[in-house]
Structures are given as C-alpha cells and as structure tokens.
Amino acid sequence: MFDLDRWREIFQSISKNKLRSILSGFTVAFAILLFTLLFGIGNGLQNTFKNEFAKDAINSIYIWPNSTTKAYKGHQIGRRIQFTNDDFNFLKEKYSDKIQMISPRLQRSVKVVYKTEEDNYTLRGVYPKYDILESAEVTEGRFLNIRDIKEKSKVVVIGRMVEKDLFGQISAYGKQLNIGGIMYKVIGVFSDPGGDGDERFIYTPFSTMQQIYGNNDHVDEFGMTYNPELSIDEAIAFSSQMHRELKKKHEIDPNDQRGIRVHNYASENKEVTGMMVGLSILILIIGFGTLIAGVVGISNIMVYIVKERTKELGIRKAIGATPGAIVSMIMLEAILITAISGYFGLILGVGILEVTGPSLEKYFILNPGVSTPVVVGATITLILAGMIAGYLPAKRAAQIKPIVALRAD
Numbered sequence: 001m002f003d004l005d006r007w008r009e010i011f012q013s014i015s016k017n018k019l020r021s022i023l024s025g026f027t028v029a030f031a032i033l034l035f036t037l038l039f040g041i042g043n044g045l046q047n048t049f050k051n052e053f054a055k056d057a058i059n060s061i062y063i064w065p066n067s068t069t070k071a072y073k074g075h076q077i078g079r080r081i082q083f084t085n086d087d088f089n090f091l092k093e094k095y096s097d098k099i100q101m102i103s104p105r106l107q108r109s110v111k112v113v114y115k116t117e118e119d120n121y122t123l124r125g126v127y128p129k130y131d132i133l134e135s136a137e138v139t140e141g142r143f144l145n146i147r148d149i150k151e152k153s154k155v156v157v158i159g160r161m162v163e164k165d166l167f168g169q170i171s172a173y174g175k176q177l178n179i180g181g182i183m184y185k186v187i188g189v190f191s192d193p194g195g196d197g198d199e200r201f202i203y204t205p206f207s208t209m210q211q212i213y214g215n216n217d218h219v220d221e222f223g224m225t226y227n228p229e230l231s232i233d234e235a236i237a238f239s240s241q242m243h244r245e246l247k248k249k250h251e252i253d254p255n256d257q258r259g260i261r262v263h264n265y266a267s268e269n270k271e272v273t274g275m276m277v278g279l280s281i282l283i284l285i286i287g288f289g290t291l292i293a294g295v296v297g298i299s300n301i302m303v304y305i306v307k308e309r310t311k312e313l314g315i316r317k318a319i320g321a322t323p324g325a326i327v328s329m330i331m332l333e334a335i336l337i338t339a340i341s342g343y344f345g346l347i348l349g350v351g352i353l354e355v356t357g358p359s360l361e362k363y364f365i366l367n368p369g370v371s372t373p374v375v376v377g378a379t380i381t382l383i384l385a386g387m388i389a390g391y392l393p394a395k396r397a398a399q400i401k402p403i404v405a406l407r408a409d
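For the sequence shown, full-length UniProt numbering assigns the number 1 to the initial residue and increments by one for each residue that follows.
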C-alpha cells in the first residue's frame, strides 16, 4: 500500500494520460458537486420551515373572538364575541389533562418613556410561562410569576430591542419605565427567535393590565400549549373540540367559522412534516440518482482505461509482475483519482452554497448547507465504486496471458 515505487508508477500513469484522468475526475467531481448542491438547497428549505416554527412553541394553540356571520338563537349577524375570565376558567377546568399551559392575553399600543427616550410599543398582559408559548428566552432577571398576578404588580419584562432603543448600552434591569403615564419596574429582559419585531413587546401581569385598562374581566385572546404527549392527530381533535365547546358556550352557529377563530400549530406541523418528508425523499432519490450516474461513469471509464492499457499490463506480467500487483496498482489509481476529485467537488459545492446562500433567502432557502457525514458518506460511496470499477476489469486483465496481451491492439 505504501510502496514508494508503486506510487511513482501511479503518478506517472496519471501524468502520461492526462485526458482520461481528467475525464475520470470530472465525472466524480460533478456527481459530488450536484449531490452537495441538492442536499444544501433541501436543507435550506427545511431551515426555512424550522425558522417559521421557531417563532412560537410547536405545540401552540391560539384562540381569539371575532364577529359572527350567521344568525343563531335570536342573535343577529355581526355580533361581536367577547371572551372573559369565565372562559379562561372554563378551559382550564374542562381540559386540564390536555393543556400544558394556558394564558389569557390583553394587548394595547402604548407610549413608553425612559428619561429623554420615548417610543411606542405593544404592551401585553399575560400569565406566567407565556414566554414558553412564544419560545422567548429571559436573558436577564426573570419572567412573570404567580405572585405578580395575585398582587397585580406594576412590573414588566421587556424585549431586547426595547432595552436597546431606550437604554442603549446600559442594562434595563431594575429600572423604572413610564408606560402610558404609569410607572413600572423592569424585572427582566428577553430575546426571541422571531426576530426584532417580537423583541419589541413588553409583558406585564394580566391582572394588572386588566385592572388598569378597563377594570373589567375582558380577555382579548387565549394562548396555550397542548400536552406534548398528544399525537398530532389528537392535538388537532383537541383544538376542534375546544372550538365546538366555545361556540356552544357563546351561542354561535356550529357552521359559523368566523365567530371564534382557532389557530393550532399541530395542523401546520402535520402539513409541513409531510412536505419535509416528501422533499427529503425526493432529494434522496435525485441525489442517489446522481451518485449512481457517477458510479456508471467511473465504471465505463475504468473499463476503457484497462482495455487501453492491456499491452502495458502484458509487458508488466512478462517481466514478472504478479496479478495481485497489477490489480492493486489499477485500484489505487482509481481510488486516488476518485478521492481527489470527490474532495474537489465537495469543496466547490460548499463554496457555491456559501457564496449564494444570502441571495437565496428571497426564494425561501435559509442557510443552505450540508452536514459533513452526508457528504463524506457520498464521497466514500464513490470511492468504493471506484475500487469496484477498477477491480473488476483489472482482475480480468490480470488473468490474460502475457502473449495475448502483447498482441492486443
């Protein structure tokens, strides 16, 4: 394997037959290049789907009231549905085994002032653990707790961009904010995978906001996460059941789809999962089809190479070369060409993905790339194919008698 003279012969053979070496290498490099690009684009599409779901917990359900579109039980068309604390208690008690967490929500646009800095933001009144629903991460301080709800504390948790806008480089933790003319204490700062827009929200205890903005028991909407032990189909059935029960409670026609709206991420997750599986299978089929084409190309070229070198092999046998030495020489040459060309195709493919990656975002392809194990596996597959492609014709050539090989044209 590490015989210096043998490697010299291999490199001399490659250098003397540049065209066939280049053709062999091009076949391998092109196959790996296409394989890398296909998997990179496929992964980019999957990253786009994952990024969209990262904005909220994947087991999220949102419920909000709307206006009815059908008359029902003496109620007129266009009746505005209003949720209350009673609906919150109803959902908690009836579906306690299927709800992981639930929070009512109030939302208002407010003017926020800190010393000389001011801007408008969205203030949300929520319950503890609402940060889980939004996939937010508290980076400083803490999120709201049940004590804040009970005491109706005037405290807020602000997004990273709110802190940046109003406080610049200093920490907002522990500072006082004037929100709509009322002073609140900042008890936490959060980041959100949804981006800058989701980091310009301000969270305060639901009970505090309910008292200050209306002094009533109104609720704008509900956000919840369902029990993760539920399957996707069970989660969809669960949200449909809640939808029917809330319609019944508010006397809405069962066929009225707008009186109360429900957005269940499980439905989207089911569709997207199906699309991603289909996309993965399609990419695998095309990718392996490309590899098979590369294997066939290598095989054909190696058969031609061995046939072209029949007389040379005959001379080698005539001067004492063993069949094993001839076979190993051709196999090593095939492996060397395949490995170098495969690596070149891999580097080229990764480079193209790196350069074109940012411009592909407008086509919903986010961070296209390939995992090292996948590409290494594809390269090893081609190297093995090169070994097989070199071994079979080399073995036949090694079995030819020297006198027959010397007569070959």
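Here a beta-carbon is modelled for each residue, glycine too, at the ideal position from N, C-alpha and C.
Within its own chain, the residues whose Cβ lies closer than 7 Å to the Cβ of Arg316, once the five positions on either side in sequence are excluded, are Ile326, listed in chain order.
The C-beta separation of Gly125 from Val189 comes to about 18 Å, leaving the pair out of contact by the 8 Å criterion. For His263, the uninterrupted beta strand (DSSP E) segment begins and ends at 260-264. In this chain, Thr204 is not harboured by any alpha helix (DSSP H); it is covered by the beta strand (DSSP E) spanning 201-205. Excluding its 5 nearest sequence neighbours in each direction, Asp217 has C-beta neighbours in its own chain below 8 Å: Thr84, Asn85, Asp86, Gln210, listed in chain order.
By the C-beta criterion, the region 231-238 is judged not to be in contact with the region 246-260, since fewer than 3 inter-stretch pairs fall below 8 Å. The straight-line gap separating the alpha-carbon atoms of Ile352 and Pro193 is approximately 27 Å.
Taking C-alpha positions only, Gln76 is separated from Leu177 by approximately 44 Å.
Here Gln46 is buried. Its C-beta has 16 or more other C-beta atoms within 10 Å.
Counting only residues of its own chain and dropping the five nearest sequence neighbours on each side, Met276 has a CB closer than 7 Å to the CB of Gln46, Phe49. Non-local beta-carbon contacts of Pro323 in its own chain, meaning distances under 7 Å to residues more than five positions away in sequence, involve Ala398, Gln399 in chain order.
Per DSSP, reduced to three states, the secondary structure at His218 is strand. Apart from the 5 residues on each side of it in sequence, Ser239 sits with its Cβ closer than 6 Å to the Cβ of Ile61, Val262, Asn264 in its chain, given in chain order.
Closest option to Ile182, judged by alpha-carbon separation, among Ile132, Val110, His243: Val110. Here Leu33 carries a helix assignment [DSSP, helix/strand/coil]. In summary, Val28 is buried, with 16 or more beta-carbon neighbours lying within 10 Å of its beta-carbon over all protein chains present. DSSP, read as helix, strand or coil, puts Ser171 in coil. Taking all protein chains in view, the Cβ of Thr372 is surrounded by fewer than 16 other Cβ atoms within 10 Å, so the residue is classified as exposed. DSSP, reduced to helix, strand and coil, places Val370 outside both helices and strands of the structure shown, so it counts as coil.
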